[in-house]
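See below for the structure under consideration.
Residue numbers (the working numbering): -14 to 166.
Following this line, the structure appears as C-alpha coordinates:
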(Lines of atoms letter the chains of each structure in order from A and count residues from 1; the text may use other names and numbers.)
(Lines give C-alpha, C1' and ligand atoms only; values in the text may rest on other atoms or scores of the structure.)
Protein backbone atom coordinates (compact mmCIF):
# COMPACT_ATOMS: atom_id res chain seq x y z
CA UNK A 1 0.00 0.00 0.00
CA UNK A 2 0.91 3.65 -0.16
CA UNK A 3 2.92 4.79 2.83
CA UNK A 4 2.08 8.05 4.43
CA UNK A 5 5.20 10.07 4.88
CA UNK A 6 7.09 8.41 2.02
CA UNK A 7 9.59 10.84 0.54
CA UNK A 8 8.79 14.32 1.80
CA UNK A 9 6.25 14.29 4.59
CA UNK A 10 3.26 16.39 3.66
CA UNK A 11 1.11 18.21 6.16
CA UNK A 12 -1.40 15.90 7.83
CA UNK A 13 0.45 12.68 7.00
CA UNK A 14 1.92 10.28 9.52
CA UNK A 15 5.10 8.38 8.72
CA UNK A 16 4.72 4.67 9.53
CA UNK A 17 1.03 4.38 8.67
CA UNK A 18 0.09 2.76 5.36
CA UNK A 19 -3.22 2.47 3.61
CA UNK A 20 -4.35 -1.14 3.16
CA UNK A 21 -7.48 -1.04 1.01
CA UNK A 22 -10.03 0.95 3.02
CA UNK A 23 -8.15 0.32 6.26
CA UNK A 24 -4.71 1.22 7.61
CA UNK A 25 -1.72 -0.54 9.14
CA UNK A 26 0.96 0.84 11.41
CA UNK A 27 4.49 -0.34 10.78
CA UNK A 28 7.98 0.14 12.12
CA UNK A 29 11.25 -1.35 10.85
CA UNK A 30 14.18 -2.11 13.13
CA UNK A 31 17.30 -3.67 11.56
CA UNK A 32 15.49 -5.78 8.92
CA UNK A 33 12.68 -6.76 11.33
CA UNK A 34 9.40 -5.11 10.46
CA UNK A 35 6.59 -4.89 12.97
CA UNK A 36 3.27 -4.41 11.25
CA UNK A 37 -0.23 -4.36 12.69
CA UNK A 38 -3.26 -6.03 11.22
CA UNK A 39 -5.44 -3.62 9.18
CA UNK A 40 -7.73 -1.35 11.18
CA UNK A 41 -9.43 2.04 11.02
CA UNK A 42 -7.19 5.11 10.88
CA UNK A 43 -7.72 6.04 14.55
CA UNK A 44 -6.66 2.55 15.61
CA UNK A 45 -3.61 2.62 13.33
CA UNK A 46 -2.49 5.93 14.87
CA UNK A 47 -2.74 4.44 18.38
CA UNK A 48 -0.92 1.29 17.23
CA UNK A 49 1.81 3.43 15.66
CA UNK A 50 2.42 5.15 18.99
CA UNK A 51 2.90 1.73 20.63
CA UNK A 52 5.33 0.74 17.86
CA UNK A 53 7.32 3.96 18.38
CA UNK A 54 7.64 3.10 22.09
CA UNK A 55 8.81 -0.44 21.20
CA UNK A 56 11.40 0.92 18.75
CA UNK A 57 12.62 3.50 21.27
CA UNK A 58 13.00 0.81 23.95
CA UNK A 59 14.98 -1.41 21.56
CA UNK A 60 17.20 1.51 20.50
CA UNK A 61 17.93 2.40 24.13
CA UNK A 62 18.84 -1.21 24.94
CA UNK A 63 21.15 -1.43 21.92
CA UNK A 64 22.97 1.77 22.97
CA UNK A 65 23.61 0.67 26.56
CA UNK A 66 27.07 -0.28 27.79
CA UNK A 67 27.38 -3.16 27.29
CA UNK A 68 24.73 -3.27 24.56
CA UNK A 69 21.84 -5.71 24.91
CA UNK A 70 21.80 -8.27 22.05
CA UNK A 71 19.25 -7.38 19.35
CA UNK A 72 16.98 -10.42 19.82
CA UNK A 73 16.89 -9.92 23.59
CA UNK A 74 16.14 -6.19 23.22
CA UNK A 75 13.24 -6.89 20.83
CA UNK A 76 11.79 -9.68 23.00
CA UNK A 77 11.95 -7.44 26.05
CA UNK A 78 10.38 -4.41 24.34
CA UNK A 79 7.56 -6.47 22.81
CA UNK A 80 6.92 -8.17 26.18
CA UNK A 81 6.87 -4.79 27.98
CA UNK A 82 4.21 -3.56 25.56
CA UNK A 83 1.99 -6.65 25.88
CA UNK A 84 -0.59 -5.23 28.29
CA UNK A 85 -0.98 -2.05 26.24
CA UNK A 86 -1.20 -4.02 22.98
CA UNK A 87 -3.79 -6.45 24.34
CA UNK A 88 -5.93 -3.63 25.76
CA UNK A 89 -5.78 -1.85 22.38
CA UNK A 90 -6.63 -5.05 20.46
CA UNK A 91 -3.32 -4.83 18.62
CA UNK A 92 -1.93 -7.92 16.86
CA UNK A 93 1.54 -7.88 15.35
CA UNK A 94 2.78 -9.36 12.10
CA UNK A 95 6.54 -9.62 11.47
CA UNK A 96 7.85 -9.42 7.90
CA UNK A 97 11.64 -9.88 7.71
CA UNK A 98 13.23 -8.37 4.60
CA UNK A 99 16.90 -8.82 3.71
CA UNK A 100 18.53 -7.50 0.55
CA UNK A 101 21.12 -9.83 -0.98
CA UNK A 102 23.62 -7.67 -2.88
CA UNK A 103 25.22 -10.73 -4.49
CA UNK A 104 22.05 -11.46 -6.47
CA UNK A 105 20.47 -7.98 -6.29
CA UNK A 106 17.24 -9.32 -4.80
CA UNK A 107 15.25 -8.91 -1.60
CA UNK A 108 14.21 -12.02 0.32
CA UNK A 109 11.22 -11.95 2.66
CA UNK A 110 9.85 -14.19 5.39
CA UNK A 111 6.72 -13.16 7.28
CA UNK A 112 5.10 -14.58 10.40
CA UNK A 113 2.91 -13.64 13.36
CA UNK A 114 5.37 -15.38 15.71
CA UNK A 115 8.16 -13.16 17.09
CA UNK A 116 10.55 -16.08 17.70
CA UNK A 117 10.15 -17.27 14.09
CA UNK A 118 10.78 -13.72 12.88
CA UNK A 119 13.93 -13.30 14.98
CA UNK A 120 15.26 -16.65 13.79
CA UNK A 121 14.46 -15.73 10.17
CA UNK A 122 16.29 -12.43 10.57
CA UNK A 123 19.41 -14.18 11.90
CA UNK A 124 19.41 -16.87 9.19
CA UNK A 125 18.75 -14.46 6.32
CA UNK A 126 21.43 -12.04 7.50
CA UNK A 127 23.89 -14.97 7.73
CA UNK A 128 22.94 -16.15 4.22
CA UNK A 129 23.13 -12.63 2.75
CA UNK A 130 25.93 -12.37 0.24
CA UNK A 131 25.65 -16.04 -0.72
CA UNK A 132 23.75 -17.43 -3.67
CA UNK A 133 20.08 -16.93 -4.36
CA UNK A 134 19.66 -20.67 -3.77
CA UNK A 135 21.14 -20.36 -0.26
CA UNK A 136 18.69 -17.59 0.60
CA UNK A 137 15.75 -19.50 -0.91
CA UNK A 138 16.80 -22.66 0.95
CA UNK A 139 16.94 -20.71 4.24
CA UNK A 140 13.41 -19.39 3.63
CA UNK A 141 12.10 -22.87 2.73
CA UNK A 142 13.67 -24.30 5.92
CA UNK A 143 12.14 -21.50 7.98
CA UNK A 144 8.68 -22.12 6.51
CA UNK A 145 8.89 -25.88 7.14
CA UNK A 146 10.01 -25.36 10.73
CA UNK A 147 7.28 -22.76 11.35
CA UNK A 148 4.66 -25.16 9.94
CA UNK A 149 5.88 -27.99 12.23
CA UNK A 150 5.74 -25.67 15.24
CA UNK A 151 2.20 -24.50 14.35
CA UNK A 152 1.00 -28.09 13.93
CA UNK A 153 2.56 -29.15 17.25
CA UNK A 154 0.98 -26.16 19.01
CA UNK A 155 -2.42 -26.92 17.45
CA UNK A 156 -2.13 -30.57 18.51
CA UNK A 157 -1.20 -29.63 22.12
CA UNK A 158 -4.13 -27.20 22.29
CA UNK A 159 -6.56 -29.77 20.88
CA UNK A 160 -5.35 -32.42 23.35
CA UNK A 161 -5.62 -30.00 26.28
CA UNK A 162 -9.18 -29.04 25.31
CA UNK A 163 -10.15 -32.69 24.82
CA UNK A 164 -8.84 -33.48 28.31
CA UNK A 165 -10.81 -30.58 29.80
CA UNK A 166 -14.01 -31.78 28.11
CA UNK A 167 -13.49 -35.35 29.35
CA UNK A 168 -12.93 -34.14 32.93
CA UNK A 169 -16.01 -31.94 32.81
CA UNK A 170 -18.16 -34.72 31.34
CA UNK A 171 -18.90 -32.78 28.13
CA UNK A 172 -17.55 -35.44 25.84
CA UNK A 173 -14.32 -36.77 24.52
CA UNK A 174 -12.06 -35.97 21.62
CA UNK A 175 -14.80 -36.58 19.03
CA UNK A 176 -16.51 -33.39 20.20
CA UNK A 177 -13.35 -31.29 19.88
CA UNK A 178 -14.19 -30.00 16.42
CA UNK A 179 -17.57 -28.68 17.57
CA UNK A 180 -16.32 -26.64 20.51
CA UNK A 181 -15.50 -22.97 20.31
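We put the CB at the ideal spot given by N, CA and C, even for glycine.
Under three-state DSSP, which class holds residue i?
i, result
"residue 139", "helix"
"residue 88", "coil"
"residue 41", "helix"
"residue 60", "helix"
"residue 34", "helix"
"residue 4", "strand"
"residue 83", "strand"
For the beta strand (DSSP E) containing residue i, name the first residue and the last one.
i, result
"residue 51", "Premise fails: residue 51 is in no beta strand (DSSP E) and is neither H nor E."
"residue 71", "From DSSP, residue 71 is part of no beta strand (DSSP E) but of the alpha helix (DSSP H) over 68 to 74."
"residue 17", "Note, residue 17: premise wrong, no beta strand (DSSP E); not H, not E."
Mind checking whether residue i and residue j have CB atoms under 8 Å apart?
i, j, result
"residue 43", "residue 78", "no"
"residue 34", "residue 11", "yes"
"residue 123", "residue 17", "no"
"residue 241", "residue 95", "Look at the range of the chain in this structure, -14 to 166, and you will see that residue 241 is not part of it."
"residue 15", "residue 9", "no"
"residue 105", "residue 86", "no"
"residue 89", "residue 118", "yes"
"residue 47", "residue 59", "yes"
"residue 36", "residue 70", "yes"
"residue 137", "residue 81", "no"
Report all residues from its chain with a CB closer than 7 Å to the CB of residue i; omit the five preceding and five following residues, and keep chain order.
i, result
"residue 39", "67"
"residue 75", "none"
Got a sec? Which residues, its chain only, sit under 6 Å from residue i by beta carbon, not counting five neighbours each side?
i, result
"residue 98", "79"
"residue 102", "132"
"residue 26", "none"
"residue 134", "none"
Under 8 Å Cβ to Cβ from residue i, same chain only, skipping five residues before and after it: list those, please.
i, result
"residue 116", "86 and 88"
Does the beta-carbon of residue i, which I'm using as the reference point, lie nearer than 7 Å to any heavy atom of the ligand MG?
i, result
"residue 68", "The ligand MG is absent from the structure shown, which contains no ligands of any kind."
Checklist entry - At what residue ranges does the segment 98 to 130 contain a whole run of the alpha helix (DSSP H), taking only runs of 4 or more? => result DSSP runs (the alpha helix (DSSP H)) wholly in the segment 98 to 130: 100 to 113.
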